[in-house]
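First the structure, in the form of structure tokens, and then the observations on it.
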Amino acid sequence: MNTERCAESGKASPIGVFDAGIGSYAIVEKLRKSYPQQDLIYLADRKQFPYGKKNYRQLLDATLSASQFLLSEGCSAVVLASNAPSIVVIQELKQQLPVPLLGVEPPLAEACLVSVNQQVIVLGVESMVSSEAFSRFLDRETVAGCSVSGINASSLVGLVEDFSFIHQPQKTQQLVSDFITAMLQAYPQTDVVTMSSTHLPWLKPYFTSAAPQIAFLDPADTLVSNIAPLVTTGRGVTRCIATESRQYPVHEFNIALASLNSGLVAELVSF
Numbered sequence: 001m002n003t004e005r006c007a008e009s010g011k012a013s014p015i016g017v018f019d020a021g022i023g024s025y026a027i028v029e030k031l032r033k034s035y036p037q038q039d040l041i042y043l044a045d046r047k048q049f050p051y052g053k054k055n056y057r058q059l060l061d062a063t064l065s066a067s068q069f070l071l072s073e074g075c076s077a078v079v080l081a082s083n084a085p086s087i088v089v090i091q092e093l094k095q096q097l098p099v100p101l102l103g104v105e106p107p108l109a110e111a112c113l114v115s116v117n118q119q120v121i122v123l124g125v126e127s128m129v130s131s132e133a134f135s136r137f138l139d140r141e142t143v144a145g146c147s148v149s150g151i152n153a154s155s156l157v158g159l160v161e162d163f164s165f166i167h168q169p170q171k172t173q174q175l176v177s178d179f180i181t182a183m184l185q186a187y188p189q190t191d192v193v194t195m196s197s198t199h200l201p202w203l204k205p206y207f208t209s210a211a212p213q214i215a216f217l218d219p220a221d222t223l224v225s226n227i228a229p230l231v232t233t234g235r236g237v238t239r240c241i242a243t244e245s246r247q248y249p250v251h252e253f254n255i256a257l258a259s260l261n262s263g264l265v266a267e268l269v270s271f
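Mapping of the sequence shown onto UniProt numbering: position 96 corresponds to residue 96, and the numbering continues sequentially without gaps.
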């Protein structure tokens, strides 16, 4: 039944994109603009929100269930559009899926190349920057001679989830500016920052206003390039689906999508 539904809507080979929060819509938007004929299934797993506060086993179970559901919907590839599980669980997740799985990771090679001072900061949620997997990632990916540090930016995620960044710009700017000031007090030579939570790129204008001398990099740009070999020619249809919980009902997610002028309406699913 699911395969028939995909075929009827023109999704001959859709790519699935999923996360638990609204932040990942930025990745969907980039994919739609870069590959306008690619069919997408965008899953917001609101029942599992937030990924950023889950431990390893919880992250693996949640992301595996979401990935398997997207496969049942006919997806030929899956994008894990969340930085924390992309660092923490993606290697094990890849071993359990029969299709290509791409994640979003801090673009450290680019960051170190751009950095004049060789001081890079990775902003992410607590479960990512405090994990052993993140430490191993830094050891593996950091360019020799470049200093890279992770900072917990969980306090900024709420500014996107509750849409303060749209409806309360002065409050948002003050909180972002205070955060950047504290960061620069701790790491005064910082000149490149990777926005390694899918929520954070929505705050880029505020980051740039707070510190115009710093280059703020979006990991989604690397993902968009890496996914090119998996792109197929369809009808450019994006189907949006979402799970829900009492705290995060699907109708509130649809209000968020409307606030972003996405043109999407999420269909409730469960798995």
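Glycine included, every Cβ here is placed at the ideal spot set by N, Cα and C.
Rounded to whole angstroms, the gap between the alpha carbons of Ala84 and Ser197 is 7 Å. Boundaries around Leu43 are those of the beta strand (DSSP E), Leu40 to Asp45, since no alpha helix (DSSP H) includes it. Counting of Cβ neighbours within 10 angstroms places Thr233 among the exposed residues, the total staying below 16. The stretch 180-199 makes contact with the stretch 99-116, as at least three CB pairs between them are under 8 Å. For Leu223, the enclosing alpha helix (DSSP H) starts and ends at Ala220 to Asn226. Val265 is not a Cβ neighbour of Leu31, given a cutoff of 8 Å. DSSP places Val122 within a strand segment (E or B) once states are collapsed to three.
Ile22 counts as buried, since at least 16 other C-beta atoms from the protein chains shown sit within 10 angstroms of its C-beta. Per DSSP, the unbroken beta strand (DSSP E) holding Asp19 starts and ends at Ile15 to Asp19. By a beta-carbon distance limit of 8 Å, Ala44 contacts Asp19. Their separation comes to about 7 Å.
Distance from the Cα of Lys94 is smallest, within the candidate group Gly124, Thr63 and Leu108, for Thr63. Thr233: not part of any beta strand (DSSP E); DSSP gives it neither H nor E. With 16 or more other Cβ atoms inside 10 Å of its own Cβ, Ile90 counts as buried. For Val88, no beta strand (DSSP E) encloses it; the enclosing alpha helix (DSSP H) starts and ends at Asn83 to Val88.
Pairing Ser34 with Arg246, the inter-Cα distance amounts to about 35 Å. When the beta-carbon positions are compared, Ala77 and Pro100 come within less than 8 Å of each other.
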